[in-house]
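First residue of the sequence shown? That's 0 in numbering that gives the first Met the number 0, and the numbers climb one at a time after it. Positions of the beta carbon are idealized from the N, C-alpha and C atoms, including for glycine. Note that the structure is predicted; figures quoted are calculated from it, not measured. See below for the structure under consideration.
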Amino acid sequence: MILNDKEFGEVIVRKSPLSRGARFSVSTSGRLAMSVPKHTSDFFVKRILDLNRKMIREKLPLKNPKEQRARDYQKKILMKKAREYLPYRLEYFAKLYGYEYNKCRLTHANTRWGSCSSNKTISLNIGLMKVPEVLRDYVILHELAHLNHMNHSRDFWREVGTHDKNYRLHEKKIKHFNPGL
Ligand SMILES: [Zn+2]
0 MILNDKEFGE VIVRKSPLSR GARFSVSTSG RLAMSVPKHT SDFFVKRILD
50 LNRKMIREKL PLKNPKEQRA RDYQKKILMK KAREYLPYRL EYFAKLYGYE
100 YNKCRLTHAN TRWGSCSSNK TISLNIGLMK VPEVLRDYVI LHELAHLNHM
150 NHSRDFWREV GTHDKNYRLH EKKIKHFNPG L
């Protein structure tokens with residue numbers, strides 16, 4: 000679970016049957032991570048955090064919590080924008096070109112703009128709200144084409160090309176942007 004802490008921003012809390020006591024570490028994103036025994040209540044998790052604040056401040060190389068909080072805030076805004084836009088844009092193109100998908104999932108993975116699973120769930124990265132519209136549309140059309148071709152075969156690209164004739168340029172251009180926050 001993620002705990003929203005006033006000082007440290009998002010804290011990643013893992014409840015594990017293997018933990019005996021509370022342990023603190025730094026996640027790959029620079030956030031505070033803590034692992035506690037499995038049945039620790041949320042109330043007690045917060046209490047443990049409070050008791051260890053000073054030690055965490057002094058000993059753990061966390062990314063600047065202020066920047067971290069700014070990033071958390073940015074993510075929240077982006078998620079809100081994405082929720083009000085991406086599912087509708089996807090639906091629009093699906094209707095326009097006759098695609099059927101199961102559902103649209105919004106993600107904030109650091110490495111990919113979108114994906115399409117074999118159960119026809121299309122995932123779109125909320126970071127798409129930061130790129131030019133033409134590239135955003137390209138990613139959506141790319142994922143829709145995966146509904147018919149679960150690969151990057153010649154047939155796949157031909158299908159992308161029928162909806163976006165500049166797809167080669169767009170594929171190149173989107174590499175200049177970073178999907179992470
Ligand atoms: Zn692809």
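In the DSSP assignment, Thr-110 is bridged to no other residue. Counting along the chain, the unbroken beta strand (DSSP E) around Ala-32 starts and ends at 31-36.
Bounds of the beta strand (DSSP E) holding Asp-4 are 1-4. In the pairwise beta carbon analysis, the region 73-89 is classified as touching the region 119-128: at least three pairs are separated by under 8 Å. In this structure, His-162 has its CB at a distance of at least 7 Å from all heavy atoms of ligand 1.
DSSP places Glu-66 within a helical segment (H, G or I) once states are collapsed to three. Any heavy atom of ligand 1 counts here; residues with a Cβ closer than 6 Å to one of them, in chain order, are His-141, His-145, His-151. With a cutoff of 8 Å on beta-carbon distance, Ser-26 and Ile-11 are scored as near each other. In its chain, beyond the 5 residues on either side, Leu-127 have a beta carbon closer than 6 Å to the beta carbon of Arg-135. In the three-state reduction of the DSSP assignment, Glu-90 falls in the helix class, which pools H, G and I. Annotation: His-148 to Ser-18 spans about 44 Å, alpha carbon to alpha carbon. Cβ contact annotation for Pro-16 (same chain, cutoff 6 Å, sequence separation greater than five): Lys-37, in chain order. When the Cα atoms are used, Ser-34 and Val-44 turn out to be separated by approximately 9 Å.
In the three-state reduction of the DSSP assignment, Arg-52 falls in the helix class.
Counting along the chain, the unbroken beta strand (DSSP E) around Leu-123 starts and ends at 120-124. Counting C-beta atoms within 10 angstroms of its own C-beta, Thr-39 has 16 or more neighbours from the protein chains shown and is therefore classed as buried.
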